[in-house]
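Protein chains in written order, with this note's numbering: chain A, 18 to 133; chain B, 36 to 148.
Even for Gly, the Cβ is constructed at its ideal location relative to N, Cα and C.
Below is one structure, written out as structure tokens, with a few remarks after it.
Set out below in structure tokens:
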């Protein structure tokens, strides 16, 4: 059973460009979480999605950031018009359905975004 | 609002010595508690979790943690560390009945030979 997959592992963008980060959850998992990790800091919750639904996006910046988890295909975190402050590691995690907050979240290896 | 405080940003320790990584949380409602480990350039891996029941929880790699409700703490311990335990350790809480997980800032454990 493959783990959580994220791609690309490293992404370099110039200011003003768009960044698209992909996350494929573990097989059988229908819940996806996105986190951002700034250097020397812990993970900050961004958004929690189930298939075709955003459940909690309280950690998402109000502008330029969006996330989706379509019925088919990976979850996408999209950052428009990137700025240097967006440089960070972005982690995706997935969990199986039906276990609520007790679920173990399985993390992907992360995408390291560098904005020049 | 919930918060998680990891009291030590870095903990150096010699191989085969015991270690304790401290974690305190604040919440007005019941929470579930987790410890994760992150090796360099990798994602997080669950070490252990407390949901209910016995306050002493045993996890992988010989780690254990004790939930103390009165002190709102969930400290992680290992009686004898190995070089391979060098990593960053994160304490996290999730509200009971919720999904949002709050992480501490992390503690970097450095095991020296």
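Exposure label - residue i; buried when at least 16 CB within 10 Å
i                     : result
residue 98 (chain A)  : exposed
residue 96 (chain A)  : buried
residue 112 (chain A) : buried
residue 120 (chain A) : buried
residue 106 (chain B) : exposed
residue 48 (chain A)  : buried
residue 123 (chain B) : buried
residue 11 (chain A)  : This structure gives no information on residue 11 (chain A), because the portion of chain A shown stretches from 18 to 133.
residue 146 (chain B) : buried
residue 132 (chain B) : exposed
residue 53 (chain A)  : buried
Min CB distance residue i to chain B below 8 Å
i                     : result
residue 62 (chain A)  : yes
residue 56 (chain A)  : no
residue 25 (chain A)  : no
residue 126 (chain A) : yes
residue 103 (chain A) : no
residue 72 (chain A)  : yes
residue 108 (chain A) : yes
residue 131 (chain A) : no
residue 122 (chain A) : yes
residue 59 (chain A)  : yes
Minimum Cβ-Cβ distance from residue i to chain A less than 8 Å
i                     : result
residue 60 (chain B)  : no
residue 45 (chain B)  : no
residue 77 (chain B)  : yes
residue 81 (chain B)  : yes
residue 121 (chain B) : no
residue 88 (chain B)  : no
residue 137 (chain B) : yes
residue 94 (chain B)  : no
residue 124 (chain B) : no
residue 104 (chain B) : no
Close beta carbons around residue i, own chain, < 6 Å, minus the five adjacent residues each side
i                     : result
residue 136 (chain B) : 127, 129
residue 31 (chain A)  : 133
residue 38 (chain B)  : 61
Beta-carbon spacing of residue i, residue j below 8 Å
i                     : j                     : result
residue 82 (chain B)  : residue 74 (chain B)  : no
residue 60 (chain A)  : residue 125 (chain B) : yes
residue 112 (chain B) : residue 44 (chain B)  : no
residue 87 (chain A)  : residue 69 (chain A)  : yes
residue 86 (chain B)  : residue 60 (chain B)  : no
residue 98 (chain B)  : residue 90 (chain B)  : no
residue 79 (chain B)  : residue 124 (chain A) : yes
residue 78 (chain A)  : residue 40 (chain A)  : no
residue 58 (chain A)  : residue 36 (chain B)  : no
residue 93 (chain A)  : residue 28 (chain A)  : no
residue 47 (chain B)  : residue 115 (chain B) : no
residue 122 (chain A) : residue 65 (chain A)  : no
residue 58 (chain B)  : residue 108 (chain B) : yes
Element boundaries [beta strand (DSSP E), containing residue i]
i                     : result
residue 77 (chain A)  : Segment: none, residue 77 (chain A) is in no beta strand (DSSP E) and carries neither H nor E.
residue 48 (chain A)  : 48–54
residue 99 (chain A)  : Taken as a continuous stretch (DSSP letters only), residue 99 (chain A) belongs to no beta strand (DSSP E), as it is neither H nor E.
residue 135 (chain B) : Neither: residue 135 (chain B) is in no beta strand (DSSP E) and is coded neither H nor E.
residue 143 (chain B) : 142–147
residue 117 (chain B) : Taken as a continuous stretch (DSSP letters only), residue 117 (chain B) belongs to no beta strand (DSSP E), as it is neither H nor E.
residue 32 (chain A)  : From DSSP, residue 32 (chain A) is part of no beta strand (DSSP E); its letter is neither H nor E.
residue 131 (chain A) : 128–132
residue 79 (chain B)  : 79–85
Neighbourhood of residue i by C-beta distance below 7 Å, restricted to the same chain and skipping five residues each side
i                     : result
residue 127 (chain A) : 23, 106, 107, 108
residue 34 (chain A)  : 99
Chain-order list of residues whose beta-carbon lies under 8 Å from that of residue i (same chain, five-residue window excluded)
i                    : result
residue 26 (chain A) : 126, 127, 128, 129
Residue i beta carbon near the ligand ATP (any heavy atom closer than 7 Å)
i                    : result
residue 42 (chain A) : Absent from the structure shown: the ligand ATP. Ligands present: none.
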